[in-house]
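Protein chains in written order, with numbering that gives the first Met the number 0: chain A, 0 to 625; chain B, 0 to 297; chain C, 0 to 489; chain D, 0 to 236; chain E, 0 to 188.
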Amino acid sequence: MTLTPLDELFLYSGITVLVALLLGRRLPAGWMVTILYGIQLLALMKMAPLGYGGEPISSALTFEVMGQSLSWRFDALSWYFALITLGSALLSSWYACGEWEQRFRQSGGNLWLFHLAMTLNVFSMLILLASGDLLSLFIGWELVSWAGFLLMAMAGGVATKAAMRYITYAMAGAMAIFGGIALVYVSAGSLQYEAILTAASQMSTAHLWMLVILFGAGFGIKMGLMPFHLWQAPAYAETPGPGSAFLGAISSRMGLFAILLVLVKLFGIVNIDSLKIPFTLIDARDLLAWIAVFTIIFPTFTAMKQNDARQLLAWHGIGQGGYMLLGLVVADAMGAAGGLLHVFNHATYQAALFMAVTAVIHRTGTADLNKLGGLVVRMPLTFMVLLVGIIGLAGLPPMNGFVSKWLVYRSLLNEGMPLLFVAAVIGTLGTILSVYKLIHNIFLGQLRVEHDNVKEAPWSMMIPMLILTAIIFITGLLPGIPLAWVASVQQAVGLPVPDYTLGGVESASGSLDMIWVIGVLFAGFGIGALIFYFAGGRSKRVHQLDNYAGGHFLTADVRYQYSDNFYAGLMHLIGGWYRGSFLWLEQSVKSLVEFLSLGMQGLYRRANAEFYLLSTALFVIAWVVI
Amino acid sequence: MAPMELIIELILMPLVAFVVGMMMVLMMRRIAAKLQRRIGPPFFQPLYDIVKLHSKRTQVSHGLIHDIGIVMAMGGYIAAETLLPVPGMTGIAEKGGIITLLYLMMIPSLGLALGVGQCANPNGSIGIARALTAMLAYDIPLVIVIFGVAYAAGTTNLVDIIAVQQAGGFETWGAVQMPVLAIAGLIAMHASLGKQPFEIYIAPAEIATGPMVEMSGKYLGGLFVMQCFQLYTTSVLYVSLFLGGGTTWFDFLLKSFLVLAIPVSIAYLFPRYRTEDLLRLMWKWPVMLGLIGVAFVL
Amino acid sequence: MSDLIVLPLVLPLFGAFLLPIVMRTSISIGAWIGPAILAYGCWILGDQWMSGTALPFSLAIGGFAPPMGINLYIDSLALLFAFAVQLLGLLFWPFKIDQETARRQALMLLLVAASTGLALSGDLFNLYVFYELVAVATFGLIAASGSSAAYASTIRYLILSGIGSVLTLLGIALIYSQTGTLNLAHLAQLAPEQLNNKLGLTAFLTILIGVGVKAELFPVNTWAPEVYATAASRVSAFLAGLVSKLALLIILRLLVLIFHQPEAVQVMLVLGILGVITGELAAWRAKDVRRMLAFSSIGQLGMIFIALAIPEQGGLLAVLALTFHHLLIKSGLFMLADGWGGAIEKLRGAAKRSPLAAAIFVLFSLSLIGMPPLPGFWAKFTLITQLAAQTSPLYLIGLTVFLLATVIEAAYLFRLAALLYGPAAEDTPIDTIPKPAGLSLATASLFGIGLLAAALFITPVGDLLSHVAGQAANADLYINTVFAGTGGSQ
Amino acid sequence: MNSINKIPVIEEKRTNPLARVFDEFVRFCRSRSLFILHYCTGCGAIELPPAMTSRFDMERLGIQPMVSPRQADILLITGYVSIKTLKRVILTYEQMGSPKYVIGICSCTVNGGMYWQSYATAKKLDEYMPVDLYIAGCMPRPEAVLAGLQKLMDRIHSGEANSWEDYFRNYDYYLGNQQKLFGENWQTPTDIITEAKHYDLIGEGTLGKHTQILEQHQKPLEALDMRLGHDLKEPTE
Amino acid sequence: MSQELTHWLDDLLEEIEGIKVRRKSSRRVRADVPADALPALLELLQGRAGYIHLSAISCVDWIEDDEFELVYHVWSYESHSLVSAHIRIAREPGVYLSVYDLYQPAGFFERDIHEMYGIHFEGSPNMEKFILTEWDGPPPMRKEFDSEAYVNEHLNWQEYNPPWLQELIAEGGGVIIPPEEQRFSRKKD
């Protein structure tokens, strides 16, 4: 059988898994795996025309099982997501090997299992992305959730607990999807996309409602949408460094890929739009929009309260997921483009941020925001990476985060949804506040005495971070490049396509040209620097203890830094609003199961079993006779 | 828009902004003085202050990020000016709409936040924490107002919004079409100026002027320049959103000074709000007014 | 050649009674008789399967014509079950030599003989006799483990299955009073006229509950956790793995051939759903490995009952898939439980002690939950699609319960897996953590290999199962072969 | 204790006319915009609020009260200066950006005033820091304060008020007096000597025997410069 | 306060032997007590007479008869009256026992007196420097300490003799008491 490019990709990915499995014990395993990721990326590049509107490439490998046929193929949508997956995988594993690897092995971490889990994750994600029909989609989905479980659980202790919680959620999601697939199979006769497409149009609304709920809930759990988001933050935060960078960047976006594939491509936004929730004026699309908006607001403000840098970033991962879904659900040209572009942008700066935080942990040993401070003088490059990352995360002009958020806002503005627009802006402001807390507590303020001889992150960790920063800035300056891929994805999925230029988006009702905006911004910085450096006299650098303290003589042993309970005023007001934010939902389900199992076990303790036998026999006969 | 002409505009607009901004600072201090039955500073006082600050011989810097913070503060506003159309010059307003302008106005406060962070002074950090909370407070009504106006005009491009308002002369002014939104916008603008009732983050008594505690010489001069730009940008934004921008330079300046006079005169009559009260106030009245206004517009 | 089929049934019976005598003379010879017989039985059945003669054929015992005499009906399903009985008997053979060996091995042979009889016999009364024999043999085997708890659970099991047998007898008597015959094929011919009324239904239900005792049907399976927890793990593996399936085979035959009323199916569905709910939830709280496995097998069998409730050929495929999958998994897990018997807490950090056993456990639980490449997923998939195809809401409830059950199953199985791979408890040194014994580990890994093989060659296995299900489903093929063999029906 | 003769250092005029006009303008601006440090050491401070508020209105002279020493130009020493407070006054003085001016209000700063006998107050302020202007009076009225300020503005305008350079040029003299009062290991967080080197304000009186005493026990005060630190050897923990 | 209470107080005070009680006014009582009887008096007042508030301990330096006089001012909230207990201790060892266990505020008063007069109170919680953190000279409040001489020796004066002052002095105005007739240091003898 001829090896199509897709098969090559699978082949290389399989080889990477084998290499990690067999040669994982020896030291250069990290580098070998990284190189293999590079080869996989090259294989993906061979399918580049897909990103620019090419024809889908199908794989030669097909199965015929129990009357179901399984096939795999790559189209623009899967190519786009595969690009992000392989990109973040390559950079995360490059970040892993080198000094971090030795430190991880010394501190008792199981390096072989780590690389194996990463390669399994990538391999299962590629299978999921290439799924040709609903059954192979489900198979890929299960593999991804189990590989994710392996990566999360390997760190032991707290990580295993978080992974256990994750797997219960994931299994619930998988079963919901499994139920949905069964229903679709019954109504559409077969699980091929084409058959479903035709069947979707004439489905009864009740049937369609059932499917939307099942698939929405199933994929929503993986994406960490509002009611099911509790597992994501601890799970991603506890995974060892590069693992959290990889998971944070792409793992929960698989849920978005599946929603895009199933809800948008197969069922089509138009019939989802027609689903009216009885006696309320909102329909399914608004429901999804409101879930997305709540997913933006609550996790962002929970992130603000976190005292651990990784937890803060993980909570933001959930929040940003809300933007992507919001963009997609608005489903006009700009909104969908914004949502999809946000997937790419978020992957870049989330990975950069997690790597920067891991570098800080690598050097200082802690990620607790109250035990750090003033590291900008000792780790300037990591500071620069974190700065670029948080500008991207907050969505401010020079970086790429701004472009995708601008598109989402534009679409909300065009569609005239004020409450959604305002809620999204509240999310952005919340992000700005909490990211400033992140960078202030780690890098600004007084340097602690024990961090005086901290060194900059090693070069093996620094290079991937710098590459990511470059990507963030370039895609911010020239959003046209990713927008081209996004446009081809929109075509593949059947959404309207915006007319994009290299600098941004042209449209009658207000356009964006990032090259001009950034050009003017840097011109402004230039003039500001001119005034500052030439108009003013010379300035002298002073020691951090030479500071105004109301006439008090500052000494090194007294800590002169404000980092604990950072937004006291704000927390004072809204601290009580979202104590557990849906924690009660999870607790209630768990206690219900506990209670029921108690009852059931009581049943089996009954001594007089015979009484049961007779009573059931009589009951059954009576029921039959009458 | 020949490139040469564009370059001139890109240089001229910030300069105009700076001069008008200084005049606005003077007006503010004069109004404050008159309210306290004082004579108030001479005409060129803001200029004297800025020149004196820039002519200081010894200045204290706490590191590269401290300097970059000030540069970003000034540079951010200079860039924001070019997005604000003034009579006769539109700069690059079409290239990015109101949303871009709103974000560009956030960059200076974030640049300043970074600079103050490096000063390693808790007074500064507390000030910045309060400033960002205040930003969270006043930005929500501001965004509601901008949504209302942009939706009414059907575009985010400032030039078109002004054109729409100027089309019908007085009747089609934003304030006339959407009075409720105008009031909400006024309160939000007042808070964004960070003047008296809402200046919790410069509270001299508690946190020694917050962010500006470690700013000597040219750093403080940079912040004074930023203050001029801030006054100019906020008032001109309000004018172009609600009062139909300026057809001629005279009525444009008249409108912006009048618009600025209102919050500034209110400013010196009220004691300072605590952070929670500021949040509660800004999330209660302007947001409600804004939503009602937007409801009308929809 | 076809007459040799009787031997796997007769030889173990003969061996069972011969063994005590031989044992008294010389232990060494006695020890080898049992396995030899079983091996020979496997060989015959395997040869029969390979020779591929026209499979469904009827064998009249002692030359009497079917309606009068007893006949054995061998189709691919029965052959498969019989072969499984012989093979598992061999695998779970109690090799331990002590003074109880003779009795235990004899009982084992008796159990194997009776089970083979159950699988093959074509006559209702004959089925009842073998069912009784199986019951008796199980009492003996459970009691053989000698602990007082075993005795207590055996007594409770004795009472329950005693009542169950009475009910079955009642049902058979009803059928006999209605139709005057006990031969399955003949009954299949007469059923549409005579048994299609209320009385026929009551007969079926009584038999259902009677046999249900052994098949761990909902209300009557309270004996299962005690028995499996206390009996020797080899015995409980054999019981849980195979014998409960044979009881199911009886119900399957009755459903396919004789009873077609919808109420019967609904009752089974309701009881199945209740079985799943109680089984899984009780397993969530179980603190002891064997008890957890017992509850989980109750839950699985509940699922199989749900599958049985699906009328035509599709349902049967799901039943068979689930049955054989559960057979493989449960026997393997019980084999692991041989070493890891006690409280779950004691297993903390067991993976370090025996990584192979932990890996097998994870493989089995993954397949039980339905991880795609493994056969468990395909079994669930067939069941799910069949259930979804039904129209009545009861089936949808069954579907949701089934899905929720899987989630709970995943939770408690992987809670145990996390415990295994977690850090050992502080004070216990590594080598004091329990470890599965050599032999049982070998058998468990054998099952593991079987599972992986099934996963790799899933398509051929799928076709085989659908062929078997197709053959078992059409009743008239059954009738013609039985009567064709002995010249026309009365 | 010979008080050294302070040579009035008048700013030398720059040659080309444009620069001179620019300097003139800068000096004018410096004189017209003064920020007073809101630091009330003694009883004389009560005179300042009336000077700022409506009756006497300092702002018309371009004078504003500022909170932090970094932002201020004028340090008002109002009233007696106890030795304890003198430490904080010197710290604040050194934290101010120059050109900075010190005005001693009330006679206590001139020669100890009514506390002239007290063991706890400093008598002669300009031993410890260069003082531009004294306003005598046991709490001079606001008019006197304003008159003093106007005099200071004229001196700034004419360029005479550069006594702040004197602190750098004769730092050893001032440090000696301070060490005499506060003991040998007296040190302020601001490193005046490196500052003098940085702005090349080193005079012949900057370094002397008192500064040597300071060097011996001075805690390191050089700024934390940004460095990657890859060259540092691994700290031996 | 009614009269009978005052009688009650007098009988109470009589219990301390060697006590001299003088009633300054209806609510002021002065009690002179020998040094070792003070704790007993204070206990009595605090325990049975409700004088629970020690407002101050003051000290007088009688340099001529070489003694320190310590005055303990004790108040009662019920009878709104003050008892000031005067004791005399020798100046030389300058040591006395602390009443911290009876009245906690005494810790500060004793610390202050220790700093100013150099009296050491055993049992007082804290005897370090209190207000004069920069002062390492002798306790300044003692009479033998000549503040002005210290000032002359350590600090120097501002020769403030501007031209306008000289004209004033020339016309006979200016300083009323010329420095020569100043009481102490400027005397030329």
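C-beta atoms are modelled at their ideal positions from N, C-alpha and C, and glycine is treated no differently.
Pairwise C-alpha distance: residue j and residue i
i: Glu54(A); j: Val488(A); result: 12 Å
i: Asp188(E); j: His153(E); result: Note that Asp188(E) scores a pLDDT of 49, beneath 50, so its modelled location is shaky; the value from the coordinates is reported in the next line. Rounded to whole angstroms, Asp188(E) to His153(E) spans 21 Å at the Cα level.
i: Arg104(A); j: Glu164(D); result: 60 Å
i: Ala101(C); j: Leu241(C); result: 23 Å
i: Ala266(B); j: Leu259(B); result: 11 Å
i: Val19(B); j: Cys227(B); result: 8 Å
i: Ile237(D); j: Leu132(D); result: No answer is possible for residue 237(D): the residues shown for chain D start at 0 and end at 236.
Residue j beta carbon less than 8 Å from that of residue i
i: Ile212(D); j: Gln186(D); result: no
i: Gly449(C); j: Leu327(C); result: yes
i: Leu134(A); j: Phe256(A); result: no
i: Met12(B); j: Thr81(B); result: yes
i: Val492(A); j: Phe442(A); result: no
i: Glu213(B); j: Gly123(B); result: yes
i: Leu612(A); j: Pro371(C); result: no
Proximity to residue i [Cα-Cα], best of the options
i: Leu96(E); options: Pro38(E), Ile62(E) and Glu77(E); result: Pro38(E)
i: Glu99(C); options: Ala30(C), Thr115(C) and Gly61(C); result: Ala30(C)
i: Leu219(B); options: Met3(B), Ala72(B) and Leu63(B); result: Ala72(B)
i: Thr405(C); options: Ala358(A), Gly13(A), Ala169(A) and Ala355(A); result: Ala169(A)
i: Val24(B); options: Glu275(B), Val238(B), Ser255(B) and Pro270(B); result: Ser255(B)
i: Ile145(B); options: Val70(B), Cys118(B), Ala183(B) and Gly168(B); result: Ala183(B)
* **Against chain D: residues of the region 379-391 of chain A by CB proximity under 8 Å** => Pro379 and Leu380
* Asked: Does the region 227-245 of chain C come close enough to the region 88-107 of chain C to have 3 or more Cβ pairs within less than 8 Å?
  -> yes
* Please list the residues of the region 96-121 of chain D that have a C-beta atom closer than 8 Å to any C-beta atom in chain E, keeping them in chain order. => Val109, Asn110, Gly111, Trp115, Gln116, Ser117, Tyr118, Ala119 and Ala121
* Asked: With contact counted as at least three CB pairs below 8 Å, one residue from each stretch, are the region 113-122 of chain C and the region 69-80 of chain C in contact?
  -> yes
* To do: Could you tell me whether the region 48-65 of chain A touches the region 20-32 of chain A, where touching means 3 or more Cβ pairs closer than 8 Å?
  => no
* When you check each C-beta in the region 155-180 of chain A against every C-beta of chain C, which residues fall closer than 7 Å? -> Gly155, Thr159, Met163, Ile166, Thr167, Met170, Ala171, Met174, Phe177 and Gly178
* Does the region 483-498 of chain A touch the region 128-148 of chain B, meaning 3 or more C-beta pairs lie closer than 8 Å? -> no
* For the region 343-376 of chain A, which residues have a beta carbon sitting closer than 9 Å to at least one beta carbon of chain D? -> Gly373, Val375 and Val376
* Segment contact flag, the region 204-220 of chain C with the region 78-88 of chain C, C-beta cutoff 8 Å, min 3 pairs -> no
* To do: Please determine if the region 223-236 of chain A and the region 310-324 of chain A are in contact, where contact requires at least 3 C-beta pairs separated by less than 8 Å.
  => yes
* To do: Select from the region 152-172 of chain B all residues with a C-beta closer than 7 Å to any C-beta belonging to chain A, and list them in chain order.
  => Gly153, Thr154, Thr155 and Asn156
* To do: Closer than 8 Å, Cβ to Cβ, to anything on chain D: give me those residues from the region 534-545 of chain A, in chain order.
  => Arg537, Lys539, Arg540, Val541, His542, Gln543, Leu544 and Asp545
* Return the residues of the region 582-605 of chain A that lie within a Cβ-Cβ distance of less than 7 Å from chain C, sorted by chain order. => Val592, Leu595, Ser596, Leu597, Met599, Gln600, Leu602, Tyr603 and Arg605
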